[in-house]
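Chemist: Per my numbering: the sequence shown ends with 524, consecutive numbering throughout.
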Amino acid sequence: KEASTPVLVALVFFVLTTLAFGVMWYMQLSDIQAKDEVVKQATAKTTSAAGEAADAQLKARVYRLYLGIEEEKDRELVASETKGKDKIAAEVKKIQEAVTKLAGYDDPTKLPAELNIWGLDDKGLALEPPSKGVVPVIGDAVAKRNAALAQASKDRDSYATAVKTIESAVAILEKAKTDFAQVASALPKKFDDDLKKEIEKFEARKQQFVDTETRSQKELETISDEKAKVERDRLKLKDQVSVLQSDVATQARRLQAQLGGDSSQYDEPQGKILRRLPDGIIEIDLGSAARVRPGLTFTVLPYDYPEKGRQSRIRRFDEVNDRGQIKSVDRFVEKATIQVLEVVSPNLSRARITQEYDAIRDGAMAGDLLYNAVWRKGSADRIALIGIFDINGDGNDDIEMVVRDLTRMGIPVDAYFDMKKREWVGQLTEQTRYLIEGNKPVVTEGDPNREDKTKLLGSIADAAVAARNKGLQVKNYRDLFPLMGYRVKTNIGPDKINQATAPYLNRVPVAQPPIDPN
Numbered sequence: 007k008e009a010s011t012p013v014l015v016a017l018v019f020f021v022l023t024t025l026a027f028g029v030m031w032y033m034q035l036s037d038i039q040a041k042d043e044v045v046k047q048a049t050a051k052t053t054s055a056a057g058e059a060a061d062a063q064l065k066a067r068v069y070r071l072y073l074g075i076e077e078e079k080d081r082e083l084v085a086s087e088t089k090g091k092d093k094i095a096a097e098v099k100k101i102q103e104a105v106t107k108l109a110g111y112d113d114p115t116k117l118p119a120e121l122n123i124w125g126l127d128d129k130g131l132a133l134e135p136p137s138k139g140v141v142p143v144i145g146d147a148v149a150k151r152n153a154a155l156a157q158a159s160k161d162r163d164s165y166a167t168a169v170k171t172i173e174s175a176v177a178i179l180e181k182a183k184t185d186f187a188q189v190a191s192a193l194p195k196k197f198d199d200d201l202k203k204e205i206e207k208f209e210a211r212k213q214q215f216v217d218t219e220t221r222s223q224k225e226l227e228t229i230s231d232e233k234a235k236v237e238r239d240r241l242k243l244k245d246q247v248s249v250l251q252s253d254v255a256t257q258a259r260r261l262q263a264q265l266g267g268d269s270s271q272y273d274e275p276q277g278k279i280l281r282r283l284p285d286g287i288i289e290i291d292l293g294s295a296a297r298v299r300p301g302l303t304f305t306v307l308p309y310d311y312p313e314k315g316r317q318s319r320i321r322r323f324d325e326v327n328d329r330g331q332i333k334s335v336d337r338f339v340e341k342a343t344i345q346v347l348e349v350v351s352p353n354l355s356r357a358r359i360t361q362e363y364d365a366i367r368d369g370a371m372a373g374d375l376l377y378n379a380v381w382r383k384g385s386a387d388r389i390a391l392i393g394i395f396d397i398n399g400d401g402n403d404d405i406e407m408v409v410r411d412l413t414r415m416g417i418p419v420d421a422y423f424d425m426k427k428r429e430w431v432g433q434l435t436e437q438t439r440y441l442i443e444g445n446k447p448v449v450t451e452g453d454p455n456r457e458d459k460t461k462l463l464g465s466i467a468d469a470a471v472a473a474r475n476k477g478l479q480v481k482n483y484r485d486l487f488p489l490m491g492y493r494v495k496t497n498i499g500p501d502k503i504n505q506a507t508a509p510y511l512n513r514v515p516v517a518q519p520p521i522d523p524n
């Protein structure tokens with residue numbers, strides 16, 4: 007019994023100890039579980055708070071960007087957001103709807119551009135953050151409002167000044183009206199007095215005029231009688247002068263033929279060559295101011311021609327006559343002839359060289375003078391044509407072509423003699439200066455058309471006399487055309503002349519030559 011007591015004590019101690027430790031462990035385990043639950047709940051709250059904080063930061067960035075008061079990296083973080091795009095879009099949409107409502111609109115798309123700061127795309131996602139927020143826009147609006155207020159203040163001042171000016175003008179107008187009324191009341195009486203004086207003067211002058219007119223009428227009757235007598239004498243003298251002019255012209259042609267020279271002379275130069283271009287193109291100092299037109303021709307002579315004279319351009323040539331004999335003749339040779347192609351400006355035209363006597367040693371160059379016997383700056387002599395004009399030696403009369411060419415040059419052709427109808431086409435006037443004679447039919451022995459040619463020559467002679475009676479100067483085309491720079495063939499043989507005459511004869515009907523359409 008004594009031996010079992012320690013064992014029993016030990017057993018009780020063991021049981022009590024085990025119970026104590028078991029209760030202690032149970033209590034400790036319960037505390038640990040409670041603490042774990044608290045930690046878990048705290049962790050959940052922390053996570054939720056972190057998410058809410060992140061959302062709040064994201065919203066704050068959105069609002070700062072919208073307002074235009076962004077902080078560093080706000081734009082970068084919002085632009086790089088991936089998971090929060092829907093949240094950004096929701097905030098932008100909420101802001102946009104609020105602004106739309108406050109602005110009094112029912113649709114965000116109707117917002118003015120200044121208030122449509124940040125919008126959504128077609129998928130409902132927010133667009134790129136705005137570069138300029140609401141605050142800067144409001145600042146600009148305030149600045150504009152202040153400027154408008156300042157301008158309005160200036161306008162009010164200007165208006166007040168204008169009102170004062172108008173009031174002053176009204177006062178001046180009222181004074182002027184008063185002055186005018188005073189003058190108007192006094193003017194009629196003065197006008198009546200002045201009118202009576204003028205009527206008296208007029209009646210006196212009228213009587214003086216009647217007396218003078220009576221005397222003048224008597225003197226006019228006397229002068230008219232004297233004028234009629236002088237006119238009769240003038241007509242007689244004119245007939246005598248016409249006969250003398252015809253005789254002088256005939257003698258001059260005969261004398262010139264004996265001398266072998268050219269009776270025509272060059273007058274004053276009309277212009278000069280400015281420069282020579284490639285391909286025979288030259289520029290001259292005449293243009294629209296001188297009424298130059300394309301087609302006008304000129305003869306080119308050296309710059310010193312006025313000093314050296316006509317003799318400096320005389321050249322000797324050996325020619326073979328109809329008998330085959332060689333004969334030396336002296337002829338006047340120009341440097342070149344030109345034709346205007348284009349009028350460039352008031353004092354510039356371009357022309358082409360149509361003929362050049364010696365392009366190497368004596369070619370046309372800058373400074374050379376331009377001549378035309380019937381054309382002057384701004385005007386031209388009016389001419390008439392008579393005879394056969396075979397300008398290319400083909401046996402056809404080219405008178406219609408000559409008329410067109412001269413008209414194109416600006417040289418008016420008042421009339422030409424129609425060899426078929428034996429009458430003038432057009433009209434010779436007091437302004438017509440030259441009668442240019444072409445070739446005439448050549449009558450030979452045994453000619454079957456002698457009678458018709460003689461009649462045609464008579465008609466030509468009568469028409470020429472009528473032209474001379476009107477005061478026209480007679481020039482042969484061989485003399486005048488070269489002085490105009492108009493190149494035609496002048497050495498036409500009798501056979502070609504008669505061939506060109508044939509269509510105008512009655513006994514030998516020949517088809518009319520074709521007319522050049524140009």
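Cβ atoms here follow ideal geometry from the backbone N, Cα and C, with glycine treated the same way.
(1) In whole angstroms, what separates the C-alpha of residue 472 from that of residue 436?
(2) Taking the straight line between their C-alpha atoms, what separation do you get for residue 226 and residue 212?
(3) With residue 447 and residue 503 assumed to form a contact (beta carbons below 8 Å), what rounded beta-carbon distance in angstroms separates them?
(4) In terms of alpha-carbon separation, which member of 179, 101, 494, 308 lies closest to residue 405?
(5) Can you tell me where the alpha helix (DSSP H) with residue 34 in it begins and where it stops?
(6) With distance defined between alpha-carbon atoms, name the residue in 312, 480, 365 nearest to residue 388.
(7) Are the CB atoms of residue 412 and residue 438 within a distance shorter than 7 Å?
(8) For residue 458, count neighbouring Cβ atoms within 10 angstroms of its own Cβ and tell me buried if that reaches 16, exposed if not.
(9) Among 157, 462, 452, which one has its Cα closest to the Cα of residue 508?
(10) State the Cα-Cα distance for the pair residue 354 and residue 399, rounded to the nearest angstrom.
(11) Between the C-alpha atoms of residue 138 and residue 45, what's the straight-line distance to the nearest angstrom?
(12) Counting only the same chain and skipping the five closest in sequence on each side, list residues whose C-beta sits under 6 Å from that of residue 301.
(13) Ends of the beta strand (DSSP E) at residue 511?
(14) Leaving out the 5 sequence neighbours to the left and right, which residues in its chain are closer than 6 Å to residue 91 when beta-carbon positions are compared?
(15) Give the straight-line distance between the Cα atoms of residue 467 and residue 318, rounded to the nearest whole angstrom.
(16) Pull up the distance between the alpha-carbon of residue 145 and that of residue 73, whole angstroms please.
(17) Give the secondary structure of residue 220 by DSSP, where H, G and I count as helix, E and B as strand, and everything else as coil.
(18) In whole angstroms, what separates the C-alpha of residue 111 from that of residue 117?
(19) Quickly, what does DSSP pair residue 382 with across the bridge? List them, please.
(20) Under three-state DSSP, which class holds residue 445?
(21) My guess is that residue 38 and residue 64 are in contact by the Cβ rule of under 8 Å, so how many angstroms apart are they, rounded?
(22) What span of residues does the alpha helix (DSSP H) with residue 278 cover, start to end?
(23) Secondary structure at residue 309, three-state DSSP: helix, strand or coil?
(24) Can you find the residues in the same chain that come closer than 7 Å, C-beta to C-beta, to residue 374, ignoring five residues on each side of it along the sequence?
(25) Taking Cβ positions, are residue 109 and residue 126 nearer each other than 7 Å?
Modeler: Walking through what the data contain:
(1) 13 Å
(2) 20 Å
(3) 7 Å
(4) 494
(5) 10–73
(6) 480
(7) no
(8) buried
(9) 462
(10) 35 Å
(11) 46 Å
(12) 414, 415
(13) Element bounds for residue 511: n/a, residue is neither H nor E.
(14) 131
(15) 37 Å
(16) 11 Å
(17) helix
(18) 7 Å
(19) 385
(20) strand
(21) About 39 Å; that fails the 8 Å criterion.
(22) Segment 277–283 is the beta strand (DSSP E) holding residue 278; no alpha helix (DSSP H) there.
(23) coil
(24) 278, 279, 306, 307, 308, 309, 341
(25) no
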